Amino acid sequence: MKRIFKSNLFFLCLVLLQFIVPSILLFAFKLDTSTVLIVSSLFTIFLPTIIYFLVTKKPVKETLMLHKLSKRGLIASIALPFLCYPIAAFCNILTSFWYTNNVSDAMQTMVGMPSLVFLFAFAISPAIGEEIIMRGVVLDGYKNKSIHTAAFMNGLLFAILHFNMPQFLYAFFLGAVFSYLVYYTGSIFSSMIVHFIFNGFSSLSFLVLNKLMNSELIPNEVTDMINNEVAAVSFNITQLLYSLFISIICIIVIIEIFKWLNKYKNATHEIPSTEDTSLENLYTSNYEGIEINDSHIPRNEDDFKRFSSKLANSIAYLPIAISIIIFIFTAI
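Position one of the sequence shown corresponds to residue 349 (the numbering used here), numbered consecutively onward.
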């Protein structure tokens, strides 16, 4: 539980910094939005990670999974972003019934900056920084849990870290997918590639569309019509079902890709495929079938151990509970 507690405490610190640092830069130093976005990434992502490794003295390479990416892993990393897009779109449709997606509004405030700076802020920096903290430090804390538990928790925390309800569903999904990908490829570079392509394609599409809308190539009447259509867009049940159908197909393909990667991983490392995919299971599997006589252990001692285990579990996840409360009060 110490491993999980350290990881969760690190995440809570990130949440607090994500909330405090941008506010200070905006209101105390009166910096513009683009500068705040870039500078805050340094103080809320990279600097805390450096401090984390200095304090814990953990091996950087193993913790962050800085291993060479195989050819299969590279192929999967290039294919996955385009399979994730339809699912993210479906999640956006669902959240649009309750919330207005304000991501494009945030991007609109930064269109005046150079394209390379724009791409750095929305594609390169998140692909490197967010992956280092989420699929590196945070995911490492759950190595003794099954990959399914680790992926679920990582997706939840990744969604919380965005502090944006319209992004919650698809951020949760992407966080889980990225976690599975890092597990099956054994390299954080896989999730960095997927993250970069996903954000980069969206950013480039936004920049191109914005330039076309502001150019003389398209008449003002057409741009006004497009803006009105976008503002008035609504999704009927047919569109929702169609998006759901496409998403299900994409999910099936993603699962097959993970099976393909897992088959290669097992063949390469000779790791037996079991239901329990945690590292802890690999350490204890050699002792299965050995009967341990614990009749000499007093009942009250057994109860104490059980109580201590529950207490340790509660403490380990306390930072997550605090993070959720902060998210609820700030994002909803």
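Note that CB positions come from ideal geometry on N, CA and C, so glycine has one too.
This structure is a prediction, so every number in the text was calculated from the model and none was measured.
Beta-carbon proximity list for residue i, same chain, < 6 Å, skipping 5 on both sides
| i | result |
| --- | --- |
| A664 | M349, I352 and F353 |
| G534 | H415 |
| S662 | none |
| F470 | N547 and S551 |
| I668 | N356 |
| F359 | V486 and L505 |
| S595 | P434, I435 and F438 |
| Y612 | R420 |
| F526 | R483 and S539 |
| F516 | A507 |
| T443 | P514 and L517 |
| L379 | L373 |
| V601 | L431 |
| L428 | V542 |
| C598 | L431, P434 and I435 |
| I605 | A424 |
| T392 | L365, Q366 and V369 |
Where the alpha helix (DSSP H) containing residue i begins and where it ends
| i | result |
| --- | --- |
| M513 | M513 to T533 |
| F445 | First-last for F445: undefined, no H or E at that position. |
| F466 | S463 to L467 |
| N492 | From DSSP, N492 is part of no alpha helix (DSSP H); its letter is neither H nor E. |
| I476 | S473 to E479 |
| L374 | Premise fails: L374 is in no alpha helix (DSSP H) and is neither H nor E. |
| S418 | Where S418 is concerned, there is no enclosing alpha helix (DSSP H), given that its DSSP letter is neither H nor E. |
| T381 | T381 to S389 |
| I398 | L395 to T404 |
| T411 | V408 to T411 |
Neighbourhood of residue i by C-beta distance below 7 Å, restricted to the same chain and skipping five residues each side
| i | result |
| --- | --- |
| I674 | V363 and F367 |
| P370 | V384 and S388 |
| L402 | none |
| F468 | none |
| S463 | L555 |
| I472 | F544 |
| I536 | L412, M413, L414, E479, R483, G484 and V530 |
| I670 | L360 |
| E636 | Confidence at E636 is low in this model, with a pLDDT of 42, below 50, so the placement of that residue should be treated as unreliable; the coordinate-derived value is given next. Taken in chain order, the list of residues that qualify is empty. |
| L592 | F438 |
| A660 | M349 |
8 Å contact criterion, which residue i and residue j should meet: CB distance rounded
| i | j | result |
| --- | --- | --- |
| A307 | F500 | An answer regarding residue 307 cannot be provided, because it is not within the stretch 349 to 680 covered by the chain. |
| M458 | T381 | 6 Å |
| A498 | H543 | No, A498 and H543 are not in contact; Cβ-Cβ is about 18 Å, not under 8 Å. |
| G477 | F394 | 6 Å |
| L588 | I441 | 6 Å |
| F511 | A679 | 5 Å |
Short CB-CB distance (under 9 Å) between residue i and chain C
| i | result |
| --- | --- |
| Y665 | In the displayed structure, chain C is absent; only one protein chain is listed. |
Cβ neighbours of residue i in the same chain (closer than 8 Å, five flanking residues each side left out)
| i | result |
| --- | --- |
| V408 | F401 and L414 |
| P396 | F358, C361, L362, L365 and I481 |
| Y447 | M513 and P514 |
| I386 | V465, F468, A469 and S473 |
| F521 | C432, I435, A436, C439 and G503 |
| Y528 | I495, A499 and F606 |
| H644 | For H644, the predicted model reports a pLDDT of 47, less than 50, meaning its position is unreliable; a value from the coordinates is still stated below. Excluding sequence neighbours, H644 sits near nothing in its chain. |
| I672 | I508 |
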